[in-house]
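Worksheet: one structure, shown below.
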Amino acid sequence: MPGIWWGLGVLLPLQLVLLGLASDPCYDATRRPRYCLPETTDLATGRPIQASATCGRPPQRLCSFSHQGDTSPHQCRLCDQADPASAHPAAYVTDAAGEATCWQSGPVANASLMLALGGRFELLYVALRFCSPRPHSMALYKSTDHGHSWTPFQFFSARCLRAYGLPPASTISKNTEHEAICTAAQTGLTPLVGGLVAFMPLAGRPSARAFEYSPVLQDWVTATNLRVDFDRRHRVLGLRGREASYGVSELQVGGRCRCNGHAAQCGAVGPGNAPQCQCRHNTAGPECETCRAFYCDRPWQRATPRDAHECVACECHHHSHRCRFNVELYELSGRKSGGVCLNCRHHTAGRLCHYCQPGFKRDLSRPITSRQACKACQCHPIGAISTMCNQTTGQCPCKMGVTGLTCNRCAQGFQQSRTAHIPCIRKSAMYRHWLRTECQKHCNLSHGRIHMNLRKYCKKDYVLHAQLLAMVESGEWWQFTSSVLAVYRQRRVPIRRGEQPLWVPRQDLACGCLRLQVGKAYLVIGNDAESPDPARLVLDRNSLALPWRDVWAHKLRRFQQQNRRGKCRTP
Ligand SMILES: [Ca+2]
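Take a look at the structure:
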């Protein structure tokens, strides 16, 4: 038998039918994610079921009816648990034999059946086929915690108020959508055999049409276990109470895995394991209730027909496999993106691994997703101020006078120096610097004060007191006109007092070996050795010209006298 649920097939959501046709119900033809649901299956058939009472221990005589509306021709048979041929165990409620087999409670006032569904499911219908007359009062309970606690699902009673304290068939308002009601329907005595009691958890509930948007109803239809309490039997004329029984031949529970709209398939992972959703839309978990690792750019949401709420991968430009969700960033982005990449590799950095690390520059010839998207700056260790270059241009920060992407050469107008501190200096400064060192070498200057004593006096060829009157340039020479005021030591070719030309090499003056000023008087001390012409009076870098001080006159006269006395000849 295909099932007792013929009539309800058309009531199943149309989507189930449509989804069955598509290759992947969770995506449309253009591979866009869409709301999807696993098939509704019969959750009861084949599952073990428990009954609070079962006939046949000890063997009992029970009577049942063979015709739906006629109470008179009933059959009475022995129920004996020890004899399989006449036993009516609870397993007959969920067996595959359908109406052919039947559980019988025996002549008890109350009985119940309990079914563990083997996981959390969303239930669409619960249906019981009776082999006895339907109960006068019965209650359906569900559990969402595997039988630890129970919630009323539906009450059925010909006398609702008396049996369960509830008004019969009260309408369901939006505020009471998650509450059980009591109905007198399906409680009639007839049919005496084969009667049906069915319950659809969503029927009559205002939000049922918007089930995907109603967490209240989503919870309402969710169950792990079902229990049916048979609370009162109808009195049947001609049937004695000790021969009457509750009898159920079939229980069907239509439900589907709770996958939050993210799976169209659901199956047991291993033997004895609860069925698990085969999650799509980058979701994970037994009920697709979280996003897959790395797919956390947006917060998880249940899918709806309007929006599949697919979990979105973090955009890390292929430089990271890990990310976390940041709610502040998500809000700041206008609820678009909240993923933060972790451990960016390939020298990338930033929330989306879309920058280069400090010390690396973007190689714009490669896409940012390339492993070589970031290259080392390679700033010159001497020319650059730091090792960190501009991310986009790659320009290293150069020291003054240094240029080039990596600061590897001197800028125009600059020239390499030999110091790392200032690797390039202005060319003019360079020249001055060169001149200074060259002149220092050239002039052979004796630094410090000159202390004139007899020994030094004797070493010199001549010592004069002269005043400079004028100067003219003459080739490589400066020709001064001097007035020799006194001769304190005379050379071989005598120097006359009075006006005398005085020659100074041009470079000696440029380098400042001699500091001479027209109009001033000097103590001039020199040797003849360097002079190209013994007749000429030449003043050069080996000579001395000290601004004249009158105090020297006396001292020099004394040296002169000592010289005349021959003191210079005896060392
Ligand atoms: Ca059966």
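Residue numbers (mature numbering (1 follows the signal peptide of the UniProt record, and there is no 0)): -22 to -1, 1 to 549. Note that CB positions come from ideal geometry on N, CA and C, so glycine has one too. Source: prediction; values computed, not measured.
Three-state secondary structure assigned by DSSP to residue i
| i | result |
| --- | --- |
| Asp285 | coil |
| residue 606 | The chain is shown only over -22 to 549; residue 606 falls outside these bounds and no answer can be derived. |
| Arg187 | helix |
| residue 560 | Beyond the ends of the chain as shown, which are -22 and 549, falls residue 560; an answer cannot be given. |
| Arg9 | coil |
| Ala201 | strand |
| Ala315 | In the sequence under discussion, the amino acid at residue 315 is Ser, which differs from the Ala named in the question. Three-state DSSP puts Ser315 in coil, outside helix and strand. |
| Trp455 | strand |
| Arg210 | strand |
| Gly166 | coil |
| Asp20 | strand |
| Tyr70 | helix |
| Trp530 | helix |
| Gln254 | strand |
| Phe99 | strand |
| Gly76 | helix |
| Arg387 | strand |
| Arg410 | helix |
| Lys353 | strand |
| Lys339 | strand |
Outcome for residue i when other beta-carbon atoms lying within 10 angstroms are tallied against a minimum of 16
| i | result |
| --- | --- |
| Gly372 | buried |
| Val71 | buried |
| Ala75 | exposed |
| Ser192 | buried |
| Val516 | buried |
| Gln132 | buried |
| Asp528 | exposed |
| Trp412 | exposed |
| Tyr409 | exposed |
| His156 | exposed |
| Leu310 | exposed |
| Gln82 | buried |
| Pro483 | buried |
| Gly316 | buried |
| His297 | buried |
| Leu215 | exposed |
| Lys438 | buried |
| Ile27 | buried |
| Ser521 | buried |
| Leu229 | buried |
C-alpha gap between residue i and residue j, whole angstroms
| i | j | result |
| --- | --- | --- |
| Gln457 | Leu480 | 6 angstroms |
| Ser343 | Cys294 | 19 angstroms |
| Asp486 | His420 | 8 angstroms |
| Cys334 | Asn238 | 40 angstroms |
| Ala(-1) | Leu101 | Legend: pLDDT at Ala(-1) = 48, less than 50; position of this residue unreliable, value from coordinates given subsequently. The straight-line gap from Cα to Cα measures roughly 24 angstroms. |
| Val305 | Cys266 | 21 angstroms |
| Thr154 | Ala186 | 13 angstroms |
| Gln38 | Val199 | 39 angstroms |
| Arg55 | Phe43 | 11 angstroms |
| Cys235 | His66 | 31 angstroms |
| Arg396 | Ile403 | 10 angstroms |
| Arg354 | Ala327 | The sequence shown places Ala at residue 354, rather than the Arg named in the question. Going from the Cα of Ala354 to the Cα of Ala327 covers about 14 angstroms. |
| residue 589 | Lys314 | The chain is shown from -22 up to 549; residue 589 falls before or after that span and cannot be answered. |
| Val450 | Thr365 | 57 angstroms |
| Ala94 | Gly84 | 23 angstroms |
| Ser30 | Asn88 | 9 angstroms |
| Leu432 | Cys546 | 8 angstroms |
| Ala105 | Gly166 | 16 angstroms |
| Pro375 | Cys301 | 33 angstroms |
| Gly173 | Thr261 | 43 angstroms |
| His399 | Ala407 | 15 angstroms |
| Glu190 | Cys14 | 11 angstroms |
| Cys357 | Cys367 | 7 angstroms |
| Thr18 | Pro264 | 17 angstroms |
| Ile360 | Cys352 | 23 angstroms |
Distance between beta carbons of residue j and residue i, contact taken as under 8 angstroms
| i | j | result |
| --- | --- | --- |
| Leu204 | Val231 | 6 angstroms |
| Cys269 | Trp278 | 5 angstroms |
| Pro11 | Cys255 | That belief does not hold up - the Cβ atoms of Pro11 and Cys255 are roughly 15 angstroms apart, past 8 angstroms. |
| Ser90 | Phe208 | 7 angstroms |
| Arg349 | His332 | Not really, about 14 angstroms apart at Cβ, beyond 8 angstroms. |
| Val290 | Tyr308 | With 8 angstroms as the limit, Val290 and Tyr308 do not qualify as a contact, their Cβ atoms being about 11 angstroms apart. |
| Arg467 | Tyr500 | In fact, because the Cβ distance is near 15 angstroms, the residues do not count as touching under 8 angstroms. |
| Arg474 | Val462 | 7 angstroms |
| Arg211 | Ala222 | 6 angstroms |
| Gly225 | Cys41 | In fact, because the Cβ distance is near 11 angstroms, the residues do not count as touching under 8 angstroms. |
Residue i CB to nearest heavy atom of ligand 3 below 6 angstroms
| i | result |
| --- | --- |
| Ser227 | No copy of ligand 3 occurs in the structure displayed; its ligands are ligand 1 alone. |
7 angstroms Cβ cutoff, residue i in contact with chain C
| i | result |
| --- | --- |
| His212 | The structure shown has no chain C; it contains just one protein chain. |
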